[in-house]
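For reference, the structure is listed below as structure tokens.
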Amino acid sequence: MTTEQQRDEGRTAVQVACDTEVSGCVFLMRTEADDKDRLLEITRDHVSEQHGKEYSLEEIEEQHMTDVEV
Ligand SMILES: [Zn+2]
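Just so we're aligned, residue 24 is where the sequence shown starts under the numbering used here, counting upward by one.
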């Protein structure tokens, strides 16, 4: 017996794609909006480790984060 996951209406998620900045990288992550800060930190670490570039969390949020419908 399984129970369907409940869905809140108007719930949103956020998505960050690295390939907009660095050609050839397929880094793409999506998470719930509530977990946005963690996603930003993961992305910052990815860009730092994989591409040797330093971005602030604000820069990533403004330039690379998009809202997506769940
Ligand atoms: Zn990347």
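Backbone N, C-alpha and C define an ideal beta-carbon position, used for all residues, glycine too. Predicted, not measured: the structure shown is a model, and the values here were computed from it.
With distances taken Cα to Cα, identify the nearest neighbour of residue i among the options.
i, options, result
"residue 80", "49, 74, 90 and 65", "65"
"residue 76", "36, 41, 59 and 35", "41"
"residue 68", "58, 56 and 50", "50"
"residue 90", "74, 55 and 82", "55"
Flag this pair as yes or no: are the beta carbons of residue i and residue j separated by less than 8 angstroms?
i, j, result
"residue 38", "residue 61", "no"
"residue 35", "residue 92", "yes"
Any idea if residue i is buried or exposed, counting beta-carbon neighbours within 10 angstroms, 16 or more meaning buried?
i, result
"residue 63", "buried"
Across which residues does DSSP place residue i in a beta bridge pair?
i, result
"residue 38", "53 and 89"
Quiz item: Which runs of the beta strand (DSSP E) fall wholly inside the segment 49-83 and span at least 3 residues, in chain order?
Solution: 51-55
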